[in-house]
Every structure is written in C-alpha cells, then in structure tokens.
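One point on numbering: in my numbering, the residue at position 60 of the sequence shown is 264, and numbering is uninterrupted. Cβ atoms here follow ideal geometry from the backbone N, Cα and C, with glycine treated the same way. A quick note: this is a predicted structure, and the numbers were derived from the prediction, not measured.
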Amino acid sequence: MTTIISCTNREGSNTLKLANYYQKELAAKGYESDLFSLQDLPENFIVSDLYGKRSEAFQSIQDKISATSKFIFLIPEYNGSFPGILKLFIDACTFPESFYGKKAALVGLSTGKYGNVRGIEHFTGICHYVNLHVLPLRIHIPAVGKEFDEKGDLFKEDTVKFVSQQIEQFIAF
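Pasting the structure below:
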C-alpha cells in the first residue's frame with residue numbers, strides 16, 4: 205500500500221492541493237494510493253498518543269501507517285524547516301516498525317523561493333534514523349501558490365516534468 209501524507213494541519217493548504225494532484229497523477233498511471241492529511245489527526249493526540257500511549261482514534265491511523273510500504277511526504281516550509289506537527293506525528297507512530305525498511309519520496313514546497321530545501325534535508329535525516337529509504341529524486345516547489353491552475357492541477361512545464369519524473373521513479377522504487 206502507498207500512502208500520500210499532506211504534512212500540515214493547516215486548513216485549505218497548498219500542501220493538500222498538491223497531495224491531491226499526486227494522487228490523481230498516480231491513479232492516471234494505474235497506481236493506487238491513499239491520502240492522509242495531518243489535519244485528520246485527533247485533536248488531543250499530543251496528550252493521548254505519545255510516550256507509549258495509544259488512543260482508539262490514533263490506532264486506525266497507526267494501522268494505516270503499519271500497512272503502508274511506500275510513502276510520499278509533501279512537506280511545506282515552516283520557519284526554515286518542516287512543520288512541528290510532522291515531527292509529532294512521526295514520534296507518535298510505533299517505533300521502529302512504522303517506517304523501518306520502507307520507502308519514501310519527499311516533496312518540499314513553500315510560498316518562498318527555495319521550495320523547502322532545508323526542511324527536506326532535515327526530514328531526510330529523520331528518515332535515515334528510522335531506516336526509511338528515501339528516493340534520491342527529491343522535488344522542491346517554490347512559490348507553490350502560483351503553480352496551480354483553476355482546477356487545482358500543476359501547469360508550469362518544468363514543475364509538471366519533474367513531478368512526473370519523480371512519480372515514475374517512485375512507482376519503480
């Protein structure tokens with residue numbers, strides 16, 4: 205199973221738009237995936253699901269993560285890195301079996317001009333620590349708000365080309 209993770213809990217985010225685009229493009233290539241947004245985390249999971257605790261609400265999320273063999277993380281830039289909610293999510297998942305030996309593609313995005321290069325580097329270190337194998341082609345999308353057309357699709361030629369290339373490599377990964 206493949207799970208696409210929209211790595212912010214911000215409502216109406218470009219990250220979720222991009223996650224939907226990835227899911228649609230994978231489906232167009234005959235590749236099934238689930239989408240999980242960190243918006244869907246239990247409201248109190250910081251109290252109910254860290255340090256060995258497990259709530260019923262998070263258990264269904266944990267089951268999805270446990271069943272996943274490949275991930276696509278779409279990671280927006282927050283203060284020069286990745287969102288804290290993403291780190292909390294990784295910390296709440298069962299260690300090491302949630303990610304150990306599995307595969308991931310990383311996509312950085314930002315409203316600024318660097319596409320979360322630093323945040324993707326930071327998150328890559330965490331992936332290595334939990335033994336999550338990272339696809340070498342990591343995508344960075346700057347000024348992400350200007351990348352979508354009115355239907356929510358990417359339309360800029362270079363971005364479409366690199367995302368398509370990453371999706372092809374991810375499927376073969």
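Apart from the five residues on each side of it in sequence, which residues of its chain come closer than 6 Å, Cβ to Cβ, to residue i?
{"i": "F366", "result": "I343"}
{"i": "T272", "result": "M205, T207"}
{"i": "F240", "result": "T207, I209"}
Thinking just about the alpha-carbon of each residue, which of the options is nearest to the one in residue i?
{"i": "E215", "options": "L230, K268, P280, N248", "result": "P280"}
{"i": "F277", "options": "H337, A376, D362", "result": "H337"}
{"i": "R373", "options": "T212, L230, S217, S210", "result": "Here the sequence assigns Gln to residue 373, which means Arg is not the residue at that position. Considering only alpha carbons, the answer is L230."}
Return helix, strand or coil for residue i, following the three-state DSSP convention.
{"i": "L290", "result": "helix"}
{"i": "V334", "result": "coil"}
{"i": "G316", "result": "coil"}
{"i": "K355", "result": "coil"}
{"i": "Y225", "result": "helix"}
Hey, residue i and residue j are a contact pair by Cβ (cut 8 Å); roughly how many whole angstroms apart?
{"i": "G349", "j": "T315", "result": "6 Å"}
{"i": "L313", "j": "N218", "result": "6 Å"}
{"i": "K317", "j": "A296", "result": "Wrong, their Cβ atoms sit about 32 Å apart, outside the cutoff."}
Notebook entry, point to check: Do the region 319 to 335 and the region 225 to 239 touch if we need at least three Cβ pairs shorter than 8 Å?
Noted result: Fewer than three pairs of CB atoms, one per stretch, sit closer than 8 Å, so the region 319 to 335 makes no contact with the region 225 to 239.
Notebook entry, point to check: Do the region 211 to 228 and the region 355 to 364 make contact, defined as three or more Cβ pairs closer than 8 Å?
Noted result: When C-beta atoms of the region 211 to 228 are compared with those of the region 355 to 364, three or more pairs fall below 8 Å, so the two segments count as touching.
Check: Taking three-plus beta-carbon pairs below 8 Å as touching, is the region 283 to 299 in contact with the region 314 to 327?
Finding: The region 283 to 299, when compared against the region 314 to 327, does touch it at the 8 Å Cβ threshold.
Next item on the list: May I ask you to verify whether the region 240 to 257 touches the region 305 to 324, counting CB pairs closer than 8 Å and requiring at least 3?
Entry: Judged by Cβ distances under 8 Å, the region 240 to 257 makes no contact with the region 305 to 324, as fewer than three pairs qualify.
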